[in-house]
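**Q** Whatever position you read off the sequence shown (first residue = 1), add 42 for the numbering used here. Even glycine gets a Cβ: it sits at the ideal position worked out from N, Cα and C. Questions regarding the structure given below will be posed in turn.
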Amino acid sequence: MKAVAETIAIVANPAGAKEESAELRNLLESRGVTVSWLETTEDDPGTGQAASAVKAGADTVIACGGDGTVRACIESLIGTETVLGVVPAGTGNLLARNLDIPGDVEGAFDCAANGSAATIDVGRFNDEAFAVMAGVGFDGAVMSDTSRESKERFGALAYVATAMHHLKDRSFDATISVDGAQVFRGRAKSVLVGNMGRIQGGVDLFPDGRPDDGILEVLVLRPEGIWGWFWTAWSILTRRRKAATITRWAGKSGQIVLDVPQPYELDGDERPPANRFEFTVEPNSLNLRRKETSP
43 MKAVAETIAI
53 VANPAGAKEE
63 SAELRNLLES
73 RGVTVSWLET
83 TEDDPGTGQA
93 ASAVKAGADT
103 VIACGGDGTV
113 RACIESLIGT
123 ETVLGVVPAG
133 TGNLLARNLD
143 IPGDVEGAFD
153 CAANGSAATI
163 DVGRFNDEAF
173 AVMAGVGFDG
183 AVMSDTSRES
193 KERFGALAYV
203 ATAMHHLKDR
213 SFDATISVDG
223 AQVFRGRAKS
233 VLVGNMGRIQ
243 GGVDLFPDGR
253 PDDGILEVLV
263 LRPEGIWGWF
273 WTAWSILTRR
283 RKAATITRWA
293 GKSGQIVLDV
303 PQPYELDGDE
313 RPPANRFEFT
323 VEPNSLNLRR
333 KETSP
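Shown next, in the form of structure tokens:
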């Protein structure tokens with residue numbers, strides 16, 4: 043194992059990552075590694091702590107928490123030389139899944155401290171950062187209505203249970219423009235904008251999505267009824283390029299306008315309903331470490 047030579051700051055979520063934080067502390071102590079340990083609060087989920095670490099000269103900021111903690115840290119690391127590391131400790135762990143970051147604390151820390159350096163794009167959705175995807179409508183409602191208690195008790199299955207309750211939600215009118223051209227106007231159940239697309243269970247919503255191509259993928263889901271959702275899910279699972287209930291585009295920026303406000307989410311972070319969204323990509327704006335590849 044290579045020695046840790048850089049200045050490291052760890053931004054840990056003491057509520058959502060209690061066990062992982064304790065394990066990480068024990069690991070650092072056993073190895074004699076000195077770090078700056080910063081904890082998130084209810085008022086600041088990691089953005090301020092990461093900004094303080096950057097200002098103090100940290101070479102690497104390691105987010106120990108779920109997708110919310112990771113996304114909050116990213117907000118302060120975009121455009122800096124500081125490198126992001128991730129010790130996943132949430133329900134979704136979307137960024138870690140997409141970049142094959144180990145799920146165990148020791149493996150994830152070794153990856154964060156000594157892994158391969160990479161640069162990825164970051165998306166902006168109503169001026170907030172996301173690394174994986176943003177979702178409006180059904181996706182946002184599921185994230186908003188899945189309680190922390192159910193996630194702690196049932197893990198990813200909590201999302202499935204909540205999703206079942208929203209299958210009969212009404213469609214909404216959406217007008218979507220990509221790179222300045224209107225590409226869609228009609229009824230939709232969900233609109234997603236992705237930088238990379240792997241979610242729980244290895245399901246890939248955006249098979250063409252790459253985190254370093256300077257492009258965002260746009261996906262509209264238009265199922266009607268339970269059988270419509272079944273066909274949509276089957277089409278995604280089998281990676282069908284064409285399906286009656288799914289439409290795809292790709293571009294660098296765009297706009298989504300709805301007839302009625304809908305809840306939305308950014309990398310799993312729920313947001314209150316809105317009816318107008320602007321999105322864009324910031325190419326090669328985030329430095330991070332991922333699993334070291336064999337030569």
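1. My understanding is that Asp109 touches Asn140, with C-beta atoms under 8 Å, so please give their C-beta distance in whole angstroms.
2. For Ala105, which residues from the same chain have a beta carbon less than 6 Å from its beta carbon, with the 5 sequence-adjacent residues on both sides left out?
3. Per the DSSP calculation, Asn329 is bridged to which residue(s)?
4. Which residues in the same chain as Ser327 place their Cβ atom closer than 7 Å to its Cβ, once the five residues preceding and following it in sequence are excluded?
5. Give the range of the beta strand (DSSP E) segment to which Ile268 is assigned.
6. How about Glu65 and Val147: do their beta carbons lie closer than 8 Å?
7. Please classify Leu279 as buried or exposed, where buried requires at least 16 neighbouring CB atoms within 10 angstroms.
8. Thinking C-alpha only, which one of Gly107, Ala173, Asp221 is nearest Glu320?
9. Between Asn237, Phe272, Pro130, which has its C-alpha nearest Lys210's C-alpha?
10. State the Cα-Cα distance for the pair Phe180 and Ala205, rounded to the nearest angstrom.
11. Between the segment 192 to 203 and the segment 250 to 267, do at least 3 Cβ pairs fall closer than 8 Å?
12. Is the beta carbon of Ser186 closer than 8 Å to that of Glu312?
13. Glu324 to Thr161, Cα distance in whole Å?
**A** Let me spell this out:
1. That belief does not hold up - the Cβ atoms of Asp109 and Asn140 are roughly 11 Å apart, past 8 Å.
2. The beta carbon of Ala105 sits closer than 6 Å to the beta carbons of Val53, Thr111, Val112, Cys115, Val128 from its chain, once the five residues preceding and following it are set aside; these are given in chain order.
3. According to DSSP, which records beta bridges pairwise, Asn329 is partnered with Val125, Thr161.
4. Correct list, in chain order: Ile120, Gly121, Asp163, Val164.
5. In this chain, Ile268 is not harboured by any beta strand (DSSP E); it is covered by the alpha helix (DSSP H) spanning 267 to 279.
6. Yes, Cβ-Cβ distance for Glu65 and Val147 is below 8 Å.
7. Exposed, because fewer than 16 other Cβ atoms sit within 10 Å of the Cβ of Leu279.
8. When only C-alpha atoms are compared, the closest one is Asp221.
9. Distances from the alpha-carbon of Lys210 to those of Asn237, Phe272, Pro130 put Phe272 closest.
10. CA-to-CA, the gap between Phe180 and Ala205 works out to about 8 Å.
11. Because the criterion of three Cβ pairs below 8 Å is not met, the segment 192 to 203 and the segment 250 to 267 do not touch.
12. Contact check for Glu312 against Ser186 passes: the beta carbons are separated by less than 8 Å.
13. When rounded, the separation of the alpha-carbon atoms in Glu324 and Thr161 is 11 Å.
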